[in-house]
Amino acid sequence: MKQPAPSNDSPPNQPLPQGLTLRRPVINDAPGILELQCLPCYRFGTLRIPYPKLQDVEAFFQNLPDESISLIGEIGGQIVASAGISRLKGRRIHVATLGIGVHDDFVGRGIGGALMRELTDVADNWMNIET
Numbered sequence: 012m013k014q015p016a017p018s019n020d021s022p023p024n025q026p027l028p029q030g031l032t033l034r035r036p037v038i039n040d041a042p043g044i045l046e047l048q049c050l051p052c053y054r055f056g057t058l059r060i061p062y063p064k065l066q067d068v069e070a071f072f073q074n075l076p077d078e079s080i081s082l083i084g085e086i087g088g089q090i091v092a093s094a095g096i097s098r099l100k101g102r103r104i105h106v107a108t109l110g111i112g113v114h115d116d117f118v119g120r121g122i123g124g125a126l127m128r129e130l131t132d133v134a135d136n137w138m139n140i141e142t
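Each residue of the sequence shown is one higher than the last, beginning at 12 in the working numbering.
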């Protein structure tokens, strides 16, 4: 009997990369998130303008819609990633937008994959988003 080809998908219960903690951001995280948003590779390919303002980061996290989840990844007290998922409204309530960014110096360590697994779990099991 032929074995199925290995999948590139990580198992849902895969442990987090060493030292990584995922959690919801708080207002005191704004300076660390601002630092992330100023990094060239973090910003590359997005519509973000350079040199964001701290008050804009604070306002974003204070005004998140109820149907949104934001996470940060932290290693040793340093914010190394951020991610979020926002459910749309009306006829597109089964759809969401998703974004993930990883600190330039921490790319390739599985942090983005860990955030993607967590947000996919939230979408599938809590938000009724069709993934």
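All C-beta atoms in this analysis are idealised placements derived from N, C-alpha and C, irrespective of residue type, glycine included. The model shown is predicted, which means the values in this text are computed figures rather than measured ones.
For Arg128, the secondary structure class from DSSP, reduced to helix, strand or coil, is helix. Boundaries of the alpha helix (DSSP H) around Arg54: 51-54. Residues Ala41, Ile44, Leu45 of the same chain have their beta carbon placed closer than 6 Å to that of Val68, with the five preceding and five following residues left out of the count.
The three-state reading of DSSP puts Arg102 in helix, counting H, G and I together. Rounded to the nearest whole angstrom, the CA to CA distance from Leu75 to Pro36 is 11 Å.
Annotation for Pro61: Cys49, Arg54 place their beta carbon closer than 8 Å to its own, counting only its chain and skipping 5 residues before and after. Assignment of Gln48 by DSSP, reduced to helix, strand and coil, places it in the helix class.
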